[in-house]
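Asker: Please see the structure below; I have some questions.
Numbering (the numbering used here), first residue to last: 262 to 578.
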């Protein structure tokens with residue numbers, strides 16, 4: 262690493278350290294200092310590769326193996342809890358999103374890192390983009406089910422301003438009766454895109470599927486539809502715009518209309534955020550980490566780096 266790069270990382274790390282100490286007075290100063298160093302290196306290097314990232318750390322050693330060992334110890338340190346570190350930042354962003362009675366727009370989605378790891382994330386819309394709030398990593402590429410969804414959603418729930426209005430948008434990753442029940446219990450609005458194979462009963466004939474309901478129609482709005490074998494009651498809006506290969510089949514908590522279906526577009530703010538994490542920015546898919554807890558801490562480093570860029574006027578990754 263050049264002296265110029267080392268100076269840049271040190272300067273960034275000092276700014277991050279001061280910011281973290283202001284909002285995380287209960288976190289050990291040694292952990293804060295180490296975390297700030299890695300965030301500074303991440304802003305400078307934008308790499309998930311721990312070897313490359315370790316090489317950017319301004320440590321008092323020239324031995325690469327010692328740098329890597331230092332970084333590995335931090336990423337497996339249980340004192341570095343992602344929820345504890347993210348809480349003050351998440352609360353601040355959620356409070357801003359709820360100003361003047363506005364509805365907080367949350368998105369939930371899953372991304373895979375090849376066949377090795379799956380990451381479920383909840384983000385909040387800020388302007389035309391999204392910022393990460395809570396996430397969960399699991400080894401393997403299987404879909405993360407409701408138990409994982411509940412964990413990240415309840416983390417965000419605890420950080421919401423009192424009385425805030427919330428709408429959750431989510432893509433087609435096996436929405437379940439349990440998820441619908443959880444959202445109803447919290448009083449959250451929702452726009453959940455459904456796959457074509459979900460069982461549906463409109464009350465006007467035999468049970469069918471969401472795909473059959475969307476067959477050969479440009480628009481269709483169905484109140485009071487029962488989904489799944491257990492009969493979850495919701496409303497459906499179907500919109501197939503010209504030029505799009507597939508229709509949007511959207512489950513919603515309100516009367517189904519074209520405008521309500523188009524609310525689902527708010528979810529797209531999570532796509533550029535995932536691009537920042539992956540191919541267009543930090544290249545998270547190139548990470549070789551094999552343990553979910555260490556990947557979650559690496560995502561924490563990336564989230565803080567992304568947040569610093571957004572909040573302090575730097576260039577997004």
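All C-beta atoms, glycine included, are put in the ideal place defined by N, C-alpha and C.
1) With a cut-off of 8 angstroms, do at least 3 Cβ pairs link the segment 339-349 to the segment 556-570?
2) Measuring CB atoms only, is the segment 362-377 touching the segment 424-439, in the sense that at least three cross pairs come out at less than 8 angstroms?
3) From residue 568 to residue 519, what distance separates their C-alpha atoms?
4) Please classify residue 585 as buried or exposed, where buried requires at least 16 other C-beta atoms within 10 Å of its C-beta.
5) Taking residue 312 as the reference, give the member of 326, 300, 521 with the closest Cα.
6) Using alpha carbons as the reference points, say which of 314, 331, 340, 384 lies closest to residue 287.
7) Looking at the structure shown, is residue 373 part of a helix, part of a strand, or coil, going by DSSP?
8) Answer yes or no: do residue 469 and residue 427 have a C-beta to C-beta separation smaller than 8 angstroms?
9) Are the segment 500-516 and the segment 267-285 touching by the rule of at least three beta carbon pairs closer than 8 angstroms?
10) Hey, could you find the ends of the alpha helix (DSSP H) residue 258 is sitting in?
11) Does the distance from the CB of residue 447 to the CB of residue 488 come in under 8 angstroms?
12) According to DSSP, simplified to helix, strand and coil, what is residue 405?
13) State buried or exposed for residue 415, treating a residue as buried only when at least 16 other CB atoms are found within 10 Å of its CB.
14) Please report how far the alpha carbon of residue 270 lies from the alpha carbon of residue 383, in whole angstroms.
15) Tell me the rounded alpha-carbon separation between residue 407 and residue 422.
16) What does the Cβ neighbour count give for residue 479, buried or exposed, with the cut at 16 atoms within 10 Å?
17) Who are residue 463's beta bridge partners in DSSP?
18) Determine the closest residue to residue 387 out of 375, 471, 359, with distance taken between C-alpha atoms.
19) Helix, strand or coil for residue 412 per DSSP?
20) Run through the segment 427-506 for me and flag every whole alpha helix (DSSP H) of 4 or more residues, listed as ranges in chain order.
21) Pick helix, strand or coil for residue 366, following the three-state DSSP scheme.
22) Is it buried or exposed, residue 490, if we count other Cβ atoms within 10 angstroms and call 16 or more buried?
23) In this structure, what does DSSP give as the bridge partners for residue 509?
24) In the DSSP assignment, what residue or residues form a beta bridge with residue 380?
25) Is the beta carbon of residue 553 less than 8 angstroms from the beta carbon of residue 303?
26) Leaving aside the five residues before and after residue 284 along the sequence, list all residues of the same chain whose C-beta is less than 6 angstroms from its C-beta, in chain order.
27) Would the beta-carbon of residue 522 fall within 8 angstroms of that of residue 500?
28) Under 8 angstroms by Cβ, that's how I've got residue 413 and residue 395 pegged, so tell me the actual separation to the nearest angstrom.
29) Looking at the unbroken alpha helix (DSSP H) that takes in residue 343, where does it start and where does it end?
30) Could you tell me how far apart the beta carbons of residue 315 and residue 332 are, in whole angstroms, since I believe they sit closer than 8 angstroms?
31) Nearest to residue 507 by alpha carbon, out of 477, 483, 493?
32) Classify residue 528 as buried or exposed, calling it buried when 16 or more other Cβ atoms lie within 10 Å of its own Cβ.
33) Measuring straight from C-alpha to C-alpha, what distance separates residue 443 and residue 393?
34) Output needed for residue 297: all residues of its chain with C-beta closer than 7 angstroms, excluding positions within five of it in sequence on either side, in chain order.
Answerer: If we stick to the structure as given:
1) Flag = yes, the segment 339-349 and the segment 556-570 touch.
2) At 8 angstroms Cβ cutoff, the stretches touch.
3) In the chain shown, residue 568 corresponds to position 307, counting from 1. In the chain shown, residue 519 corresponds to position 258, counting from 1. Straight through space, the alpha carbons of residue 519 and residue 568 are spaced by roughly 34 angstroms.
4) In the structure as shown, the chain begins at 262 and stops at 578. Residue 585 is therefore absent and cannot be evaluated.
5) As a position in the chain shown, residue 312 is number 51, starting the count at 1. The residue with the shortest Cα to Cα distance from residue 312 is 326.
6) Counting from one through the chain shown, the residue named residue 287 turns up at place 26. Each of 314, 331, 340, 384 was checked against the Cα of residue 287, and the nearest Cα belongs to 340.
7) As a first step, residue 373 is located in the chain shown; it is residue number 112 there, counting from the start. Here DSSP, grouped into helix, strand and coil, assigns residue 373 to strand.
8) Here the question's residue 469 lines up with position 208 in the chain shown. Here the question's residue 427 lines up with position 166 in the chain shown. No, they are not a contact pair.
9) Pairwise C-beta distances place the segment 500-516 out of contact with the segment 267-285, as fewer than three of them are shorter than 8 angstroms.
10) With the chain running from 262 to 578 in the structure shown, residue 258 is simply not present.
11) If you number the chain shown from 1, residue 447 lands on position 186. If you number the chain shown from 1, residue 488 lands on position 227. With contacts defined as CB atoms closer than 8 angstroms, residue 447 and residue 488 fail to qualify as a contacting pair.
12) The residue given as residue 405 occupies position 144 in the chain shown. In the structure shown, residue 405 sits in coil (DSSP, three-state: anything other than H, G, I, E or B).
13) Along the chain shown, one-based indexing puts residue 415 at 154. The residue in question, residue 415, is exposed, as its Cβ has fewer than 16 Cβ neighbours within 10 Å.
14) For this step, residue 270 is matched to residue 9 along the chain shown. For this step, residue 383 is matched to residue 122 along the chain shown. If I take the Cα positions, the gap works out to 29 angstroms.
15) Locating residue 407 in the chain shown gives position 146, where the first residue counts as 1. Locating residue 422 in the chain shown gives position 161, where the first residue counts as 1. Between the C-alpha atoms of residue 407 and residue 422 there is a straight-line separation of about 24 angstroms.
16) Here residue 479 corresponds to residue number 218 of the chain shown, with the count starting at 1. Residue environment analysis places residue 479 among the exposed positions, since fewer than 16 neighbouring C-beta atoms fall within 10 angstroms of its C-beta.
17) Against the chain shown, residue 463 aligns to sequence position 202. Answer is none; residue 463 lacks a bridge partner.
18) What you label residue 387 is simply residue 126 of the chain shown in a count that begins at 1. Per the Cα distances, 359.
19) Translated into positions along the chain shown, residue 412 becomes position 151. Reduced to three states, the DSSP call for residue 412 is helix.
20) Whole alpha helix (DSSP H) segments, 4+ residues: 438-447, 471-475.
21) Taking the first residue of the chain shown as position 1, residue 366 is located at position 105. Of the three classes helix, strand and coil, the one that applies to residue 366 here is strand, per DSSP.
22) Counting from 1 along the chain shown, the entry for residue 490 is found at position 229. Classification for residue 490: exposed.
23) By one-based count along the chain shown, residue 509 stands at place 248. Answer is 500, bridged to residue 509.
24) For the purposes of this step, residue 380 is identified with residue 119 of the chain shown, where counting begins at 1. DSSP lists 372, 398 as the beta-bridge partner residues of residue 380.
25) Numbered from 1 along the chain shown, position 292 holds the residue referred to as residue 553. Numbered from 1 along the chain shown, position 42 holds the residue referred to as residue 303. No, the pair does not count as a contact, with Cβ atoms beyond the cut-off.
26) Position 23 of the chain shown holds residue 284. 349.
27) Walking along the chain shown from the start, residue 522 turns up at place 261. Walking along the chain shown from the start, residue 500 turns up at place 239. At the C-beta level, residue 522 and residue 500 come within 8 angstroms of one another.
28) Position 152 of the chain shown holds residue 413. Position 134 of the chain shown holds residue 395. The Cβ separation is near 4 angstroms, so the contact holds.
29) Translated into positions along the chain shown, residue 343 becomes position 82. Counted as a single uninterrupted DSSP element, the alpha helix (DSSP H) harbouring residue 343 occupies residues 343-358.
30) The residue given as residue 315 occupies position 54 in the chain shown. The residue given as residue 332 occupies position 71 in the chain shown. With a Cβ gap of about 5 angstroms, residue 315 and residue 332 count as contacting.
31) The residue labelled residue 507 in the question sits at position 246 within the chain shown. For the residues 477, 483, 493, the minimum Cα distance to residue 507 belongs to 477.
32) Position 267 of the chain shown, counted from the first residue, corresponds to residue 528. By the C-beta density criterion, residue 528 is buried, having at least 16 other C-beta atoms within 10 angstroms.
33) Along the chain shown, read from residue 1 onward, the residue named residue 443 stands at position 182. Along the chain shown, read from residue 1 onward, the residue named residue 393 stands at position 132. Going by the C-alpha atoms only, they are around 21 angstroms apart.
34) Mapped onto the chain shown, residue 297 falls at position 36. Contacts found: 274, 277, 278, 281.
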